[in-house]
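Structure record follows, encoded as structure tokens.
Numbering (the working numbering), first residue to last: 322 to 614.
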């Protein structure tokens, strides 16, 4: 099992690079890219669409002159049609602002599945509006966990991790938010740090550079512990500076099925430099262009 993070450049990529990369996806996909109003949205969509191609190419899983083809499961989740791999490859991606995250799972299990989500943590000034907007999709326990006194940054971290876990699971089962977010209950830890006698959550303590770690004790799906019904998950955060401003992302990845590659303990987020992502794809695009002449 692999987990990758690709950071897109703050500056727009040259049109020549974008157009060459776009030749690696089907014509309907290229047409959809033109519908985006903002160039950065088009770039995010293109990079997300090319993650599987990049993975297959750098791992020499594509035959010369071959591009992958895709299908969909019953509920619309994308699947790899060709090349035919053994064991089959499950994959999923997600994108938000500067980042595209991409995960793969090789498993012989017919129940194998994987899903991932990333969320940009809201600014403290925005966090209450975000919380209000998702309240109906939280359980009573989750709402109570957000009702305790906490700083804006701590609230943003808790909401983002909670939501990424919920979204990630719905993507793993291939249903999206129609699954019902309230069916997923995230149990965050209840550790507190006192400040002037008032319990605090997600605040800095012991110095300005220290932050309390937010942990997830368990996740329930329809009242059942996810780990006890075959699911595994992992969460994390990414710190970034975008156009001179600091930002932080929360991410969560879910999977089930016998994992051929890495275990959860060794599953780490692999940061892929932009040039390391683009260069192999440009090489592939040039090769395909020569073959099609």
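Ideal Cβ positions, reconstructed from N, Cα and C, are used throughout, including at glycine.
Between the segment 333-353 and the segment 454-461, the count of C-beta pairs closer than 8 Å stays below three; the two stretches do not touch. A contact between stretches requires three or more CB pairs, one per stretch, nearer than 8 Å, and the segment 421-430 fails this requirement with the segment 483-495. With a threshold of 16 other beta carbon atoms within 10 Å, residue 498 falls short and is exposed. C-alpha of residue 384 to C-alpha of residue 559: approximately 35 Å in a straight line. For residue 488, the three-state secondary structure derived from DSSP is helix.
When the five nearest sequence neighbours on each side are left out, the beta carbons in the same chain lying within less than 6 Å of the beta carbon of residue 416 are those of 365 and 369, in order along the chain. Note on residue 565: under 16 other CB atoms within 10 angstroms of its CB, so exposed under the neighbour-count rule. Within the segment 421-451, complete beta strand (DSSP E) segments of at least 3 residues are found at 434-441, given in chain order. Look at the beta carbons and you see the segment 374-391 touching the segment 594-607: at least three pairs across the two are nearer than 8 Å.
Comparing alpha-carbon positions, the option among 440, 325 and 342 lying closest to residue 610 turns out to be 342. Residue environment for residue 595: exposed (fewer than 16 other C-beta atoms within 10 angstroms of its C-beta). Under the three-state reduction of DSSP output, residue 394 falls in the coil class, being neither helix nor strand. Note on residue 562: under 16 other CB atoms within 10 angstroms of its CB, so exposed under the neighbour-count rule. For residue 559, the uninterrupted beta strand (DSSP E) segment begins and ends at 553-563. Taking a C-beta distance under 9 Å as the contact criterion, residue 434 and residue 501 do not qualify as a contact pair. A contact between stretches requires three or more CB pairs, one per stretch, nearer than 8 Å, and the segment 382-396 fails this requirement with the segment 436-445.
Under DSSP, residue 416 shares a beta bridge with 421. Taking a 10 Å sphere around the C-beta of residue 587, we find fewer than 16 other C-beta atoms and assign the residue as exposed. Excluding five sequence positions before and after residue 543, the CB atoms of its chain that fall closer than 6 Å to its own CB belong to 504, given in chain order.
For residue 552, the closest alpha carbon among the candidates 578, 409 and 400 is that of 578. Note on residue 489: 16 or more other CB atoms within 10 angstroms of its CB, so buried under the neighbour-count rule.
In this structure, the straight-line span from the alpha carbon of residue 575 to that of residue 554 is close to 4 Å.
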